[in-house]
Amino acid sequence: MYTIKNSESPKVSVIIPVMNERRTIAAVIRHAYRVHPETEVIVVANGSTDGSAELAQKIGARVIRYDHPLGHDVGRSIGAREAKGEILLFTDGDIIIPTRDLVPLIKAVNNGVDVALNKYLGPTDKQHVHSVILAKHTLNIIVSNPDLKGASMTTIPHAISRRARDLIGSEQLAIPPKAQAIALYNGLNVQGVHYVEVGKTNPRRGRRKGNDPLEQLIVGDHLEAIDWFITKSGERGNRYDLSRNRESV
28 MYTIKNSESP KVSVIIPVMN ERRTIAAVIR HAYRVHPETE VIVVANGSTD
78 GSAELAQKIG ARVIRYDHPL GHDVGRSIGA REAKGEILLF TDGDIIIPTR
128 DLVPLIKAVN NGVDVALNKY LGPTDKQHVH SVILAKHTLN IIVSNPDLKG
178 ASMTTIPHAI SRRARDLIGS EQLAIPPKAQ AIALYNGLNV QGVHYVEVGK
228 TNPRRGRRKG NDPLEQLIVG DHLEAIDWFI TKSGERGNRY DLSRNRESV
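Everything in the sequence shown is counted per the numbering used here, starting at 28 for the first residue and increasing by one.
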């Protein structure tokens, strides 16, 4: 069995939420561990019943266990809170991403980027674009960073600096669009860094037809992020009203 030894003083902390991903977790850990010579891998196992947590522990990852499901993306917050590294890399336990596609994110943060995002935007050339893709683009326009297009902390993999974690707050990472809005509002360096195709390899993709609760949750996360930003920046989102004299109307 392939095993790892977590660094006692890691430069990089890899955070992997897991729920019943025994089939893929070993390969996910193997690729993620190789991103830097000084790496720790943190697996947040929540509601797993298929032996995922036990396998990750045998491989050598630090496993934080919860018997019940924590809810979407909550594992990111818990892993970030426990991370020792100067760079935090987030990925998922059900999508195997080669090391070569993770390293550019680490290098970007090491070179001064605070939030290094996957450039994957999803299919935007359709007549009916998915509501989550529209939400990602909308948020980036509202927070005055349209160059990001649909690049998002909702999408794995992505990496952040420890400074970003501390400024955003670990608890806010459970709502990735809100974390992104906080980062941009506070002037952190947020960039799309490297393209990783995750749509075709995502086992969650295409599971449901009709009303998808996960779709509704993610769109709701973006609405929460937009509400937070407008509350902070004013109803015009820091945009000028020029010399319009509304009192004369």
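Glycine included, each C-beta is placed from N, C-alpha and C at the ideal position.
Between the options, which lies nearest to residue i when the distance is taken from Cα to Cα?
{"i": "Thr-181", "options": "His-157, Leu-144, Val-156, Asp-174", "result": "Leu-144"}
{"i": "Arg-57", "options": "Gln-84, Ala-178, Pro-240, Asn-137", "result": "Gln-84"}
{"i": "Glu-35", "options": "Glu-242, Lys-227, Glu-65, Arg-92", "result": "Glu-65"}
{"i": "His-99", "options": "Ile-86, Asp-128, Ile-245", "result": "Ile-245"}
{"i": "Leu-10", "options": "Asn-216, Ile-91, Gly-177", "result": "No statement about residue 10 is possible, as the shown extent of the chain runs from 28 to 276 and does not include it."}
{"i": "Asn-73", "options": "Gln-154, Ser-79, His-95", "result": "His-95"}
{"i": "Asp-77", "options": "Pro-173, Arg-49, Asn-137, Ile-209", "result": "Arg-49"}
{"i": "Asn-172", "options": "Tyr-212, Asp-128, His-155, Thr-151", "result": "Tyr-212"}
{"i": "Lys-111", "options": "Arg-190, Val-55, Lys-146", "result": "Arg-190"}
{"i": "Ile-122", "options": "Pro-44, Gly-264, Thr-151", "result": "Pro-44"}
{"i": "Thr-126", "options": "Lys-163, Glu-242, Tyr-60", "result": "Tyr-60"}
{"i": "Tyr-93", "options": "Ile-86, Ser-75, Glu-109", "result": "Ser-75"}
{"i": "Val-166", "options": "Arg-108, Ser-104, Ile-86, Ile-209", "result": "It should be pointed out that residue 166 corresponds to Leu in this sequence rather than to Val. The shortest Cα separation from Leu-166 among Arg-108, Ser-104, Ile-86, Ile-209 belongs to Ile-209."}
{"i": "Lys-259", "options": "Tyr-147, Val-170, Lys-134", "result": "Val-170"}
{"i": "Leu-97", "options": "Ile-202, Asn-137, Glu-242, Gly-261", "result": "Ile-202"}
{"i": "Tyr-147", "options": "Ile-257, Asn-238, Asn-137, Asp-128", "result": "Asp-128"}
Under a Cβ-count criterion, where at least 16 other Cβ atoms within 10 Å of its own Cβ denotes burial, should residue i be classed as buried or exposed?
{"i": "Met-46", "result": "buried"}
{"i": "Thr-30", "result": "exposed"}
{"i": "Arg-192", "result": "buried"}
{"i": "Gln-207", "result": "buried"}
{"i": "Tyr-222", "result": "exposed"}
{"i": "Lys-32", "result": "exposed"}
{"i": "Lys-153", "result": "exposed"}
{"i": "His-155", "result": "exposed"}
{"i": "Arg-234", "result": "The predicted position of Arg-234 is uncertain, since its pLDDT is 47 and thus under 50; no value can be drawn from it."}
{"i": "Asp-174", "result": "exposed"}
{"i": "Pro-37", "result": "buried"}
{"i": "Pro-240", "result": "exposed"}
{"i": "Ile-168", "result": "exposed"}
Short of 8 Å in beta carbon distance, which residues of its chain neighbour residue i, apart from the five on each side in sequence? Order them along the chain.
{"i": "Lys-205", "result": "Gln-199, Asp-248, Glu-251, Ala-252, Trp-255"}
{"i": "Ile-91", "result": "Ile-69, Val-70, Val-71, Ala-72, Ile-105, Gly-106, Glu-109"}
Quick one: residues in its chain with C-beta nearer than 6 Å to the C-beta of residue i, no 5 flanking neighbours on either side, listed in chain order?
{"i": "Gly-106", "result": "Ile-42, Ile-69, Val-71"}
{"i": "Val-140", "result": "Asn-216, Gln-218"}
{"i": "Val-27", "result": "With the chain running from 28 to 276 in the structure shown, residue 27 is simply not present."}
{"i": "Gly-120", "result": "Ile-43, Val-45, Glu-48, Ile-52, Val-55"}
{"i": "Ala-88", "result": "Ile-56, Val-68, Val-70"}
{"i": "Ser-179", "result": "Lys-163"}
By Cβ distance, which residues of its chain are closer than 7 Å to residue i, with the 5 residues on each side in sequence left out?
{"i": "Gly-149", "result": "His-157, Ile-160, Gly-177, Gly-226"}
{"i": "Gly-124", "result": "Here the sequence assigns Ile to residue 124, which means Gly is not the residue at that position. Excluding positions up to five away in sequence, the list reads His-58, Thr-118, Pro-184, Val-223."}
{"i": "Gly-102", "result": "Pro-44, Val-71, Asn-73"}
{"i": "Leu-132", "result": "Leu-116, Ala-143, Pro-184, His-185, Ala-186, Val-220, His-221"}
With a cut-off of 8 Å on the beta carbons, I'd call residue i and residue j a contact; round off their distance for me.
{"i": "Ser-40", "j": "Glu-67", "result": "5 Å"}
Verify the CB distance criterion: does residue i have a CB-CB separation below 9 Å to chain B?
{"i": "Arg-127", "result": "Of the chains in the structure shown, none is chain B; there is only one protein chain."}
Is there at least one non-hydrogen atom of the ligand ADP closer than 8 Å to the beta-carbon of residue i?
{"i": "Val-45", "result": "Absence of the ligand ADP is noted for the structure shown, with no ligands found whatsoever."}
Cβ contact (3+ pairs, closer than 8 Å) linking the segment 183-196 and the segment 113-131: Per the Cβ contact rule, the segment 183-196 is in contact with the segment 113-131 (3 or more Cβ pairs under 8 Å).
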